[in-house]
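Going down the list, the sequences are from chains H and Y. Each residue of the first sequence is one higher than the one before, starting from 1 at the first, in UniProt numbering. Each residue of the second sequence is one higher than the one before, starting from 1 at the first, in UniProt numbering.
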Amino acid sequence: MKENAQRILANPKFQELVQKRSAFAWTLSVAMLVIYFGFILLVAFGKGFLGTPIAGGVTTWGIPVGLFTIISAFILTGIYVNRANGEFDELNRQIMEESK
Amino acid sequence: MRSLVNRVGAAAAAAGALIPASVYAAAVEGQVQKQSTNYEAIVMFLIFVVATLGITYWAARRTKSAKDFYAAGGGITGFQNGLAIAGDYMSAASFLGIAGLVYTSGFDGLIFSVGWLVGWPIILFLVAERLRNLGKYTFADVASYRFQQTPIRTLAACGSLATVTFYLIAQMVGAGKLIQLLFGLDYVVAVVLVGVLMIAYVTFGGMLATTWVQIIKAVLLLSGASFMAFAVLAKFGFSPEALFARATELHPKSISIMAPGALITDPVSAISLGMALMFGTAGLPHILMRFFTVSDAKEARKSVFYATGFIGYFYILTFIIGFGAIVLLLAPDASGAYPFLDAAKLAAAGGKPAPAMIIGGSNMAAIHTANAVGGNLFYGFISAVAFATILAVVAGLTLAGASAVSHDLYASVIAKGRASEHDEIRVSKITTVIIGIVSIFLGIAFENQNVAFMVGLAFVIAASANFPILLMSMFWGKMTTRGAVIGGWVGLISSVTLLVLGPTVWKSVLGNPAAIFPYDNPGAFTIPLSFLAIWFFSITDNSQTAQDERRSFQAQYIRSQTGLGAEGASAH
């Protein structure tokens, strides 16, 4: 186990996996945080904007902004799962294989 | 109390003289008619409840090991698990609560929907994978991976119990109101009934039962809610604009229901609520367990993807249903009556409808809307689904609370790992009974609170006590036991204290004239405070054990990244 761990640490693929996956996960997290807290800050300080009717109707800008936040959560999740289940899992499999 | 009844009675009589007799009579008639046709709804309801108990019984016979009991044996697919996660999430709070909030406050209900959803991507990106690779069921297992078991598990168990309790209150209130409305029972009797059913449910079934019930229920709730939203939109030629326009005409708050501010009035509250809703999800004890009911990491990731889709879609539906409630419940029917509003309150207000007059309280807005769009059978169906929802969510929650006690406190702290599986399951069943009884009492005390709002409070505790430790222990190698324990207790104690001193508990429930702490949701203060305490008490810790803990981060790191060695551990 301990030997395995050392071999994994020394494997350049491990460094590659960790670096790529962390960068990817953090980029998506930041994207989600920016979108969501953008929405929350608008609720806190930009009520006027969220309450402005679109094109003279009753529907306000708050509705599409809220919908966009919900849909973006789904899309960002999909982007991550797609890459993690393909590229990252394959890399991980190779690392585990080579550490035996 | 007596004088209040007299006053309402007098006001009703006075108002009755002012409004046309036909309106008043029709309103009373509507009420009577509703009571007498409840049998269809009740039969639908009972069929469903018996069916779910049947599934529980079937599952109980297949539950053999602790792994089956807690994690459904690890044999559920990603799609099924996504439905189960969504099922956990589409609780009384989301369905009844958000619809009720939209019905009373309009746009502000959407803030809850958005906040509850966006926690999921963050969990997936930063937490889920590592948790699964470490092969741990609960956040306590993760936190005690390289820290000292006893203090961490004690803290984790208390944090989980506090979160579960607040979450449970909301579900008990939702279920109690539903049973009260449907069967015409006293609220207290209804809550006791729900509590007893819930105890029976968890004690016999365990996680496998709740997983299957959640899956079935998620499908039924999604279809039922889709039909309701479809029916509401169909009345307006599928034009949301027309729906909103009609709602602003009928709602006393008029055009302001289309903008934030009806419920969340100041910036601090908005930010505080926003933080609690997003970060609380990762700290919820019953949610993290769901990553272990699937066979591998691929399926675990897929399940989050499906869950996010289902939950997002469902929240959009509840928003439409909430507006549907406004246009259907606040408008008179063909005979000029308001069948879903309390006749006495309506009469007291001179026949001018307001959302607060709804029979059974605003938590019942979605249930009445079901009746308005689909008649009595559909009303019975939605009630049954909502009730099964609550029962299943409550079961999952209670199980998480019980496992915090049996797995963290009893097996690891008290018995020091020498407890048999049999003992552990027994302790968890005893805990279930105790949690059930406590939540019955709290459910009665919190009768008139909106359930979505209540769950928001549970999220603050999860976000302040559990989430900081979970995140930091996986990302920060310099963290020590001292930092984790102090930070966790600071988050737990500060959030619970400020919740109790805040307007909801101090003023509304305990009946004090003014709240000591001005904000309902203390997340903006308690979450950063907990992080700060973890950081400060870790970097100032130079003991020998602290050095060892820092060195052991590397092993945890490798395993959390690759899953090395996790296969054996997950069988514990």
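Where is the CB? At the ideal position from N, CA and C, for every residue including glycine. Note that the structure is predicted; figures quoted are calculated from it, not measured.
query: Contact residues within the segment 93 to 111 of chain Y, judged by C-beta distance below 9 Å to chain H; result: F107, D108, L110 and I111
query: Partners in chain Y for G66(H), counting only beta-carbon separations shorter than 7 Å; result: L110 and V114
query: Beta-carbon spacing of G563(Y), N81(Y) below 9 Å; result: no
query: Partner residues on chain Y for A10(H), Cβ-Cβ distance less than 8 Å; result: The contacting residues do not exist; A10(H) stays about 11 Å from chain Y at best.
query: Closest Cα partner of A247(Y) within the set Y103(Y), I47(Y) and A462(Y); result: Y103(Y)
query: Within-9 Å CB hit, K20(H) to chain Y; result: no
query: Test: V34(H) CB closer than 9 Å to a CB of chain Y; result: no
query: R550(Y) (DSSP reduced to helix, strand or coil); result: helix
query: Distance between A282(Y) and A140(Y) (C-alpha atoms, nearest Å); result: 13 Å
query: Any chain H beta carbon closer than 9 Å to Y519(Y); result: no
query: Opening and closing residue of the alpha helix (DSSP H) in which R21(H) lies; result: P12 to F45
query: Of the residues A415(Y), S560(Y), D548(Y) and A84(Y), the one placed nearest Q148(Y), counting alpha carbons only; result: D548(Y)
query: Length of the line joining the Cα atoms of L76(H) and A514(Y); result: 43 Å
query: Distance CB(A356(Y))-CB(L155(Y)) smaller than 9 Å; result: no
query: Within 8 Å of chain Y by C-beta, residues of the segment 73 to 93 of chain H in sequence order; result: A73, F74, L76, T77, G78, Y80, V81, A84, N85, D89 and N92
query: Between the CA atoms of P12(H) and Q19(H) - distance to the nearest angstrom; result: 11 Å
query: Proximity winner among P53(H), T27(H) and V43(H), relative to residue 574(Y) (alpha-carbon distances); result: Since the first and last residues shown for chain Y are 1 and 572, residue 574(Y) lies out of range.
query: Under 9 Å between C-beta atoms of A366(Y) and F95(Y); result: yes
query: Helix, strand or coil at V43(Y) [DSSP, three-state]; result: helix
query: Contact list for G510(Y) against chain H, beta-carbon separation under 8 Å; result: Contrary to the premise, residue 510(Y) reads as Leu rather than Gly in this sequence. Neighbours of L510(Y) on chain H: none; closest Cβ ~29 Å, over 8 Å.
query: Cβ pair S552(Y), V490(Y) closer than 9 Å; result: no
query: Residues that I271(Y) contacts on chain H, provided the C-beta gap is smaller than 7 Å; result: I40 and A44
query: Presumed contact (8 Å Cβ cut-off) between V213(Y) and A388(Y), rounded CB distance; result: 7 Å
query: Burial state of Y36(H) (16 or more Cβ within 10 Å); result: buried
query: Contact set between A5(H) and chain Y, taken where Cβ atoms lie within less than 9 Å; result: Q554, A555, I558, R559, L564 and G565
query: Proximity below 9 Å, CB of F279(Y) to CB of L221(Y); result: no
query: For V413(Y) and K100(H), the rounded distance between their alpha carbons; result: 35 Å
query: Cβ of A23(H) within 9 Å of any chain Y Cβ; result: no
query: Nearest-angstrom Cβ-Cβ length linking G443(Y) and G100(Y), presumed shorter than 8 Å; result: Not quite, the Cβ-Cβ distance comes to about 17 Å (not below 8 Å), so this is no contact.
query: M275(Y) to S269(Y) span [Cα, whole Å]; result: 10 Å
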